[in-house]
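Protein sequences appear in the order of chains A and B.
This note's numbering numbers the first residue of the first sequence as 1 and each following residue consecutively.
This note's numbering numbers the first residue of the second sequence as 1 and each following residue consecutively.
Every residue gets a Cβ at the ideal spot worked out from N, C-alpha and C, and that includes glycine.
Data first, discussion second: the structure below is written as structure tokens.
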Amino acid sequence: KQEVTQIPAALSVPEGENLVLNCSFTDSAIYNLQWFRQDPGKGLTSLLLIQSSQREQTSGRLNASLDKSSGRSTLYIAASQPGDSATYLCAVKRMGMTTDSWGKFQFGAGTQVVVTP
Amino acid sequence: DAGITQSPRHKVTETGTPVTLRCHQTENHRYMYWYRQDPGHGLRLIHYSYGVKDTDKGEVSDGYSVSRSKTEDFLLTLESATSSQTSVYFCAIRRPGINEKLFFGSGTQLSVL
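Right, dumping it as structure tokens:
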């Protein structure tokens with residue numbers, strides 16, 4: 001069974017500092033990995049998706065890397081702003097063609113980020 | 001905006017009563033999901049659907065049933081609500097293609113007293 005872990009559970013940084021968020025998974029047979037942002041009382045918003053064949057994806061100040069062999073993905077947020085305060089979750093989609101794996105995503109518990117002015 | 005509407009947004013109910021949550025999408029995507037979110041657990045899959053009348057169980061399906069009679073609607077039913085089912089419930093759709101991202105509704109906060 002795929003286990004997805006995000007450490008630390010919470011993180012506080014001063015404005016302007018770069019954020020580094022970690023996501024670890026136990027089974028390297030993944031199809032893709034997706035990073036999400038969740039604001040309090042809201043649903044999840046997709047930030048970046050990395051295919052298993054890719055090593056990184058970038059969108060503006062966000063950069064996500066993927067190392068399947070070590071079972072890790074890292075989300076970098078450059079020059080953090082108070083508006084980046086939120087919970088960040090990663091989700092892994094397993095490789096496979098059986099109904100057991102079709103369409104299923106395994107989520108980490110998230111890292112709650114506070115960026116202080 | 002992926003055109004996902006969840007209803008109701010908030011509900012308080014009593015133990016033992018049946019409860020139905022609705023997820024409606026406007027884009028006719030094949031895959032739809034129900035998750036619950038609890039502190040310290042992240043999101044856990046309850047049930048998902050890969051087409052009309054095609055559904056499958058997730059990791060926490062006990063006490064829940066689903067139905068999908070139309071592409072746009074995916075219903076989650078708590079057959080006899082228990083306090084352990086107090087949670088925030090999220091519906092999601094998956095867009096097809098190589099970048100098959102998940103898109104979520106705003107959630108339903110359910111309290112079972």
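Separation of Y64 (chain B) from Y33 (chain B), as counted between CA atoms: Those two C-alpha atoms are separated by around 13 Å.
DSSP three-state assignment for P8 (chain A), whether helix, strand or coil: The answer is coil: DSSP assigns P8 (chain A) none of H, G, I, E or B.
Taking T20 (chain B) as part of the beta strand (DSSP E), name the residues at either end of that continuous run. From DSSP, the beta strand (DSSP E) with T20 (chain B) extends over V19 to Q25.
Between S70 (chain A) and E56 (chain A), is the Cβ-Cβ spacing less than 7 Å? For the pair S70 (chain A) and E56 (chain A), the CB atoms are not nearer than the 7 Å cut-off.
Given a cut-off of 7 Å on the beta-carbon distance, is the pair A25 (chain A) and L89 (chain A) in contact? Before going further, note that residue 25 (chain A) is Phe rather than Ala in the sequence given. In this structure, the beta-carbon distance from F25 (chain A) to L89 (chain A) does not fall below 7 Å.
Considering only DSSP beta bridges, list what T111 (chain A) is partnered with. Paired residues: A:Y88.
Who pairs with I4 (chain B) in a beta bridge, going by DSSP? Answer is B:Q25.
Quick one: give me the first and last residue of the beta strand (DSSP E) that A92 (chain B) is part of. Judged by DSSP secondary structure, A92 (chain B) falls within the beta strand (DSSP E) whose first and last residues are S87 to R94.
I want to see whether chain A comes within less than 7 Å of F104 (chain B), judged by CB atoms only; does it? It does: the Cβ of F104 (chain B) has a partner Cβ on chain A nearer than 7 Å.
Rounded to a whole number of angstroms, what is the C-alpha to C-alpha distance between K104 (chain A) and M95 (chain A)? Using only the alpha carbons, I get a separation of about 10 Å.
Return helix, strand or coil for G51 (chain B), following the three-state DSSP convention. Assigned with DSSP and collapsed to three states, G51 (chain B) falls in strand.
Roughly how many whole angstroms lie between the Cα atoms of D100 (chain A) and N18 (chain A)? Legend: pLDDT at D100 (chain A) = 48, less than 50; position of this residue unreliable, no value from coordinates given.
Measuring only between beta-carbons, confirm whether L43 (chain B) sits less than 7 Å from chain A. Answer yes: the Cβ-Cβ gap between L43 (chain B) and chain A drops below 7 Å somewhere.
From S67 (chain B) to L78 (chain B), what does the alpha carbon distance come to, in whole angstroms? C-alpha separation (whole angstroms): 12 Å.
Check each candidate in A:P117, A:Q112 and A:Y31 and name the one with the smallest Cα separation from G97 (chain B). Residue A:Y31 holds the alpha-carbon nearest to the alpha-carbon of G97 (chain B) among A:P117, A:Q112 and A:Y31.
With 7 Å set as the bound, which would you pick, yes or no: does the beta-carbon of G107 (chain B) sit closer than that to a beta-carbon of chain A? True, the Cβ-Cβ gap to chain A drops below 7 Å.
Would you say Y31 (chain B) and Y50 (chain B) are within 7 Å of each other, going by their C-beta atoms? For Y31 (chain B) and Y50 (chain B), yes; Cβs fall inside 7 Å.
Find out if the Cβ-Cβ distance for the pair L43 (chain B), Q37 (chain B) is shorter than 7 Å. Yes, the pair counts as a contact, with Cβ atoms nearer than the cut-off.
Compare the C-beta of T90 (chain B) with all C-beta atoms of chain A and state if any pair is closer than 7 Å. According to the sequence provided, residue 90 (chain B) is Phe. The question's Thr does not apply to it. Closer than 7 Å to some Cβ of chain A, the Cβ of F90 (chain B) qualifies, so yes.
Contacts that G40 (chain B) makes with chain A (C-beta to C-beta distance below 7 Å): By Cβ distance, chain A contributes A109.
Could you have a look at S80 (chain A) and say whether DSSP puts it in helix, strand or coil? Here S80 (chain A) sits in coil by DSSP.
Does any C-beta atom of chain A lie closer than 7 Å to the C-beta of N28 (chain B)? Taking Cβ atoms only, chain A never reaches closer than 7 Å to N28 (chain B), which makes this a no.
Taking just the CA atoms, how far does Q51 (chain A) sit from E100 (chain B)? Approximately 10 Å between the Cα atoms of the pair.
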